[in-house]
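Note that the UniProt record's numbering gives residue 40 to position 40 of the sequence shown, counting from 1, and the numbers run on in steps of one.
One structure is given here, and the rest of the page talks about it.
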Amino acid sequence: MANVLLVLHIVVAVTMVVIILLQRSEGGALGMGGGGGGGGFVSGRGAANVMTRTTAILAAIFFLTSITLGILGQRKTPTSAIGTPTSTSAPTTAPSQAPADAPALPKLNIPKPAAPAQQ
1 MANVLLVLHI VVAVTMVVII LLQRSEGGAL GMGGGGGGGG FVSGRGAANV MTRTTAILAA
61 IFFLTSITLG ILGQRKTPTS AIGTPTSTSA PTTAPSQAPA DAPALPKLNI PKPAAPAQQ
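Now the structure itself:
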């Protein structure tokens, strides 16, 4: 359900951006097309009315999907990308001995660094 709402939310957001960018500004300075004459497919007044209604409807759907996704997000149990811990409480001190089933580590013969030469 959340995935369907998320896809709907994204589609509405992109559509709303496109519709808003197609609208003519109040001053008409940024309106790139559909200027003055009555030769357009839809009259200027009718197109503005349709665009305004469409924007309002898309905005309402956008807000509803936002609120619904927020509510669904709160109900979901939080998950981690790293993974979940095996126990709920972490040990406060390091264990003094290795577990009985742990393999023994080989002893390495690493020479100690030579003492610096004294002058």
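The beta carbon of each residue, even a glycine, is placed where N, CA and C say it ideally should be.
{"query": "Distance CB(G16)-CB(A59) smaller than 8 Å", "result": "The question names Gly, but residue 16 is Met in the sequence shown. Cβ atoms of M16 and A59: closer than 8 Å."}
{"query": "Collapsed DSSP secondary structure at residue 192 in the structure displayed", "result": "In this structure the chain extends from 1 to 119, so residue 192 is not present and cannot be described."}
{"query": "Helix, strand or coil at R53 [DSSP, three-state]", "result": "helix"}
{"query": "S66 (DSSP reduced to helix, strand or coil)", "result": "helix"}
{"query": "Option nearest T55 by Cα separation, candidates Q23, I71 and N109", "result": "Q23"}
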